Amino acid sequence: MDLSFSPEEIAFRDEVRAFIRDNLPADIRAKAGRVAHFDKADVVAWHRILDARGWAASHWPREHGGPGFSPVQRYIFMEEMLRAPTPEPLSFNINMVGPVVYTFGSDAQKARFLPRIRSLDWWFCQGFSEPGAGSDLAALRTSARREGDEYIVNGQKIWTSTAHVADWMFCLVRTDAAAKKQEGISFLLIDMRTPGITVRPIITIDGAHHTNEVFLDDVRVPLANRIGEENKGWDYAKFLLGNERTGIARVGLSQGRVSRAVSLACGIEGLDGSLTDDQGFRRRVIDLEIELKALEITALRIIDRQRRRNDGRPDPASSVLKLRGAETQQASAQLLLDAAGRLGAPLDADLAALGGGFAEAQGAAAIHLGARAATIYGGSSEIQKNIIAKGILGL
Ligand SMILES: Cc1cc2nc3c(=O)[nH]c(=O)nc-3n(C[C@H](O)[C@H](O)[C@H](O)COP(=O)(O)OP(=O)(O)OC[C@H]3O[C@@H](n4cnc5c(N)ncnc54)[C@H](O)[C@@H]3O)c2cc1C
366 MDLSFSPEEI AFRDEVRAFI RDNLPADIRA KAGRVAHFDK ADVVAWHRIL
416 DARGWAASHW PREHGGPGFS PVQRYIFMEE MLRAPTPEPL SFNINMVGPV
466 VYTFGSDAQK ARFLPRIRSL DWWFCQGFSE PGAGSDLAAL RTSARREGDE
516 YIVNGQKIWT STAHVADWMF CLVRTDAAAK KQEGISFLLI DMRTPGITVR
566 PIITIDGAHH TNEVFLDDVR VPLANRIGEE NKGWDYAKFL LGNERTGIAR
616 VGLSQGRVSR AVSLACGIEG LDGSLTDDQG FRRRVIDLEI ELKALEITAL
666 RIIDRQRRRN DGRPDPASSV LKLRGAETQQ ASAQLLLDAA GRLGAPLDAD
716 LAALGGGFAE AQGAAAIHLG ARAATIYGGS SEIQKNIIAK GILGL
């Protein structure tokens, strides 16, 4: 097994780094690392810059408009984005719905949706979770009944991130209530402007409006917007959820937070720099650095194994990355908040205008509170432990 980057891969990493340095707009750079979520305008602006370079759909093969990166290049590319940090290419479009459309969609769907998914002309959100269906997603109850050449959709989705700014939602619906629960589900693309859709905000503890409840009342969706076969949606959802999970540890994001915590600890206006002499703080920094190195090596081992196996199946070991990656995101966000001390506590972004230490410490509390969700979304930690127990340990 080869865990070091080749000279070509190091050259690629330097190319990505230089591209970010030269092209990330100054106003977005000023927010980098200081906000839990970038605004839609920032995500779109950076996405378009990447798209012009041919890099927005970093996971896609060339024939569908992607750059044709190798798995290692994909990993390097994503980690450099997180390390900077830049807004990420929209995961709902690029990692999730895009690959489903080019793998299972009809030619007409590919022609209509893929270019707009790639360019972010159409922003997608993910309508999977429901009040009674999260970890047990196949328990979902939102129904779609056929009427002529349309489905009539009724039900409720919850935790739908960015639904309030989305143009489309990819959505799991029940099309056969009598079938076994995994067998009666279909995968629909729903235009968010369709009458009958109501989006209500959920404000999370970081003060952000990022997630929503989405109510669907007699929403008419053309049959032409169903991906693949009726009642086979669970297969497409499994493909989507398992697709490309090696970047899930988000090592670069945590590394960026540790670096920022260290620079705050070295002293800013309003803080005296005494943390650098604190043995407890130093040990936490070192422990995190070691954990991040171990995560990076684990991610590269999984990529290497997938490359050898080359069967496209998700590796249960990626659950280790999700589990430990989420815990490390939380630990690094806690370190950042502790280093910022009282200056990091305010959630109010306007305090940055006070400048000095407030500007340096800005966002630490929101980032810490936002990171609490990392062990829930994308499959909770308990679910990852179940997968590790069965899929790796054979328990
Ligand atoms: C910030 C945020 C953004 C999100 N964005 C989206 C989105 O855009 N689209 C979307 O569809 N969903 C989204 N989600 C939903 C997310 O996928 C679910 O919250 C997650 O899958 C957990 O489901 P749940 O909330 O229903 O909790 P539950 O499944 O009810 O779990 C409750 C607790 O029980 C534990 N548990 C459940 N089953 C088991 C088991 N078998 N063994 C052991 N423990 C178990 C869980 O680990 C958890 O601790 C988001 C969630 C958050 C917090």
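Sequence positions in the sequence shown follow my numbering and run 366 to 760.
By construction, the Cβ of each residue, glycine as well, lies at the ideal position given by its N, Cα and C atoms.
Predicted model, so just to flag it, every value in this text is computed and none were measured.
Quiz item: Does the beta-carbon of Tyr601 have 16 or more other beta-carbons within 10 angstroms, so that it is buried, or is it exposed?
Solution: What you label residue 601 is simply residue 236 of the sequence shown in a count that begins at 1. Within a 10 Å sphere around the beta-carbon of Tyr601 sit 16 or more other beta-carbons, which makes this residue buried.
Exercise. Tell me whether Ser526 counts as near ligand 1, meaning its Cβ is closer than 7 Å to at least one heavy atom of that ligand.
Key: Against the sequence shown, residue 526 aligns to sequence position 161. Yes, Cβ of Ser526 sits closer than 7 Å to a heavy atom of ligand 1.
Quiz item: From Ala691, Ala730, Val685, pick the residue whose C-alpha is nearest to that of Arg707; which is it?
Solution: Walking along the sequence shown from the start, residue 707 turns up at place 342. It is Ala730.
Quiz item: Going by DSSP, what residues sit across from Ala410 in a beta bridge?
Solution: On the sequence shown, residue 410 is found 45 positions in, with the first residue counted as 1. When beta bridges are read from the DSSP output, Ala410 appears opposite no residue.
Self-check item: Assumed close pair Val538, Val518 - CB separation to whole angstroms, cut-off 8 Å
Solution: Here residue 538 corresponds to residue number 173 of the sequence shown, with the count starting at 1. Here residue 518 corresponds to residue number 153 of the sequence shown, with the count starting at 1. About 6 Å; that satisfies the 8 Å criterion.
Quiz item: How is the alpha helix (DSSP H) around Lys396 delimited, first residue to last?
Solution: Taking the first residue of the sequence shown as 1, we reach residue 396 at position 31. Looking at the DSSP string, the run of the alpha helix (DSSP H) that includes Lys396 is 391-396.
Quiz item: Leaving out the 5 sequence neighbours to the left and right, which residues in its chain are closer than 6 Å to Trp487 when beta-carbon positions are compared?
Solution: Here residue 487 is taken as the residue at index 122 of the sequence shown, counted from 1. If we look at Trp487 and ignore the five residues flanking it on each side, its Cβ neighbours are Arg481, Asp532, Trp533.
Practice problem: Just tell me which of Ile459, Arg448, Arg672 has its CA closest to the CA of Pro432. | Solution: For the purposes of this step, residue 432 is taken as residue 67 along the sequence shown, with counting starting at 1. Checking every option, the nearest Cα to that of Pro432 belongs to Ile459.
Self-check item: Cβ-Cβ separation, Phe580 to Phe552 (assumed contact under 8 Å), whole Å
Solution: If you number the sequence shown from 1, residue 552 lands on position 187. If you number the sequence shown from 1, residue 580 lands on position 215. About 20 Å separates the Cβ atoms of Phe552 and Phe580, ruling out a contact at the 8 Å cut-off.
Exercise. Measure the C-alpha to C-alpha separation of Trp420 and Tyr467 and round it to an integer number of angstroms.
Key: Along the sequence shown, one-based indexing puts residue 420 at 55. Along the sequence shown, one-based indexing puts residue 467 at 102. About 17 Å.
Quiz item: At what residue ranges does the stretch 634-681 contain a whole run of the alpha helix (DSSP H), taking only runs of 4 or more?
Solution: The qualifying runs are 644-674.
Quiz item: Under the criterion of a Cβ to heavy atom distance below 7 Å, does Ala602 qualify as lining ligand 1?
Solution: On the sequence shown, position 237 is the one that residue 602 refers to. For Ala602, the Cβ stays outside the 7 Å cut-off from all heavy atoms of ligand 1.
Exercise. Grab me the residues of Asn761's own chain with a C-beta within less than 8 Å of its C-beta, minus the 5 sequence neighbours each way, in chain order.
Key: Nothing about residue 761 can be read from this structure; the chain reaches only from 366 to 760.
Self-check item: Paired residues, beta bridge with Lys522 - DSSP
Solution: Position 157 of the sequence shown holds residue 522. Per the DSSP secondary-structure output, Lys522 pairs in a beta bridge with Val579.
Self-check item: Proximity test, Asn596 beta-carbon vs ligand 3 heavy atom, cut-off 7 Å
Solution: Ligand 3 is not part of this structure, which contains only ligand 1.
Quiz item: From Ser423 to Gln438, what distance separates their C-alpha atoms?
Solution: Position 58 of the sequence shown, counted from the first residue, corresponds to residue 423. Position 73 of the sequence shown, counted from the first residue, corresponds to residue 438. Each residue's Cα considered, the two are about 9 Å apart.
Exercise. Give the secondary structure of Met534 by DSSP, where H, G and I count as helix, E and B as strand, and everything else as coil.
Key: The residue labelled residue 534 in the question sits at position 169 within the sequence shown. Residue state, collapsed to three classes: strand.
Quiz item: Tell me, which residues are paired with Leu553 by DSSP?
Solution: If you number the sequence shown from 1, residue 553 lands on position 188. Beta-bridge partners of Leu553 (DSSP): Cys536, Arg591.
Quiz item: Asp680 to Gly492, Cα distance in whole Å?
Solution: Position 315 of the sequence shown, counting from 1, holds the residue named residue 680. Position 127 of the sequence shown, counting from 1, holds the residue named residue 492. If I take the Cα positions, the gap works out to 25 Å.
Self-check item: Proximity of Ile757 and Ala682 at Cβ, strictly below 8 Å
Solution: The sequence position of residue 757 within the sequence shown is 392, counting from 1. The sequence position of residue 682 within the sequence shown is 317, counting from 1. The answer is yes: Cβ separation under 8 Å.
Quiz item: Which residues share a DSSP beta bridge with Arg585?
Solution: Counted from its first residue, the sequence shown places residue 585 at position 220. Paired residue(s): Ile517.
Quiz prompt | the stretch 397-412 in contact with the stretch 737-752 per 3-pair CB rule at 8 Å | solution = Segments in contact, no.
Quiz item: Hey, Leu688 and Ile570: beta-carbon distance below 8 Å or not?
Solution: In the sequence shown, residue 688 corresponds to position 323, counting from 1. In the sequence shown, residue 570 corresponds to position 205, counting from 1. Against a cut-off of 8 Å, the Cβ pair of Ile570 and Leu688 comes out as no contact.
Quiz item: What is the DSSP secondary structure of Glu453, reduced to helix, strand or coil?
Solution: Here the question's residue 453 lines up with position 88 in the sequence shown. Here Glu453 sits in coil by DSSP.
Self-check item: Rounded C-alpha distance that separates Gly638 from Cys631
Solution: What you label residue 638 is simply residue 273 of the sequence shown in a count that begins at 1. What you label residue 631 is simply residue 266 of the sequence shown in a count that begins at 1. The alpha-carbon atoms of Gly638 and Cys631 are separated by roughly 5 Å.
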